[in-house]
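Start counting at 1 in the sequence shown, then tack on 778, and there's your number in our numbering. Just so it is clear, CB atoms sit at the ideal spot from N, CA and C, and this is done for glycine as well. Read the structure below first, then the notes.
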Amino acid sequence: MKRRKKIRTIKTKKFWLSIIALVVIIGAMYVLMLPQGAARFAILRSGHPIAALTLSITTEGYPHELEDGQIGYVLVDAPYDREQGDVMDTWMVYRHGMIYVGEYDTR
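Right, here's the structure in full:
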């Protein structure tokens with residue numbers, strides 16, 4: 779009787795670990811393989827987690843010229859950076875093969 783209970787516990791742990799691993803993999807794919815995901819992750823890394831989840835992103839009205847493999851995003855409700863004293867409204871996403879990486883555009 780005790781042996782069956784232990785086997786079920788191990789199977790349950792494996793099940794939940796596989797579910798967690800699947801969620802992590804899907805999250806990593808969203809961040810690295812979609813340009814908006816890369817932009818949101820860059821905003822999250824800059825210290826604005828709520829803004830990364832709730833903001834509206836558009837590619838219209840980007841003020842600078844773009845090179846090949848770049849996507850410029852303009853935030854509608856942009857977060858405010860206290861260190862620079864500026865509204866962080868323009869973000870750049872770079873494409874490296876299948877991977878997208880975003881950063882704040884300081885131009």
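Decide if residue i is buried, meaning its Cβ has at least 16 other Cβ atoms within 10 Å, or exposed.
| i | result |
| --- | --- |
| arginine 786 | exposed |
| arginine 885 | exposed |
| valine 865 | exposed |
| valine 802 | exposed |
| alanine 799 | exposed |
| valine 809 | buried |
When the Cα of residue i is compared with those of the options, which residue comes out closest?
| i | options | result |
| --- | --- | --- |
| isoleucine 806 | Asp883, Val879, Thr884 and Arg885 | Reading off the sequence, residue 806 comes out as alanine, not isoleucine. Among Asp883, Val879, Thr884 and Arg885, the Cα nearest to that of alanine 806 belongs to Val879. |
| glutamate 843 | Ala829, Gly825, Arg818 and Met870 | Met870 |
| glycine 847 | Pro813, Ala830, Tyr840 and Asp883 | Pro813 |
| arginine 873 | Pro841, Glu838, Ile828 and Glu845 | Glu845 |
| glutamate 861 | Thr836, Gly825 and Tyr851 | Gly825 |
| isoleucine 835 | Pro827, Val852 and Ile828 | Val852 |
| glycine 850 | Tyr840, Lys789 and Phe819 | Tyr840 |
| glycine 875 | Ile828, Thr868 and Met811 | Met811 |
What is the rounded straight-line gap between the Cα of residue i and the Cα of residue j?
| i | j | result |
| --- | --- | --- |
| alanine 721 | isoleucine 821 | Because the chain spans 779 through 885 in this model, residue 721 falls outside it and cannot be assessed. |
| arginine 823 | leucine 833 | 15 Å |
| glycine 863 | lysine 791 | 48 Å |
| alanine 830 | phenylalanine 793 | 31 Å |
On the DSSP bridge assignment, give the partners of residue i in chain order.
| i | result |
| --- | --- |
| valine 853 | The amino acid at residue 853 is misidentified as valine; the sequence shows leucine. The partner list for leucine 853 (beta bridge, DSSP) reads Ile835. |
| valine 879 | Tyr872 |
| glutamine 848 | Tyr872 |
| aspartate 867 | Partner(s): none; aspartate 867 has no beta bridge. |
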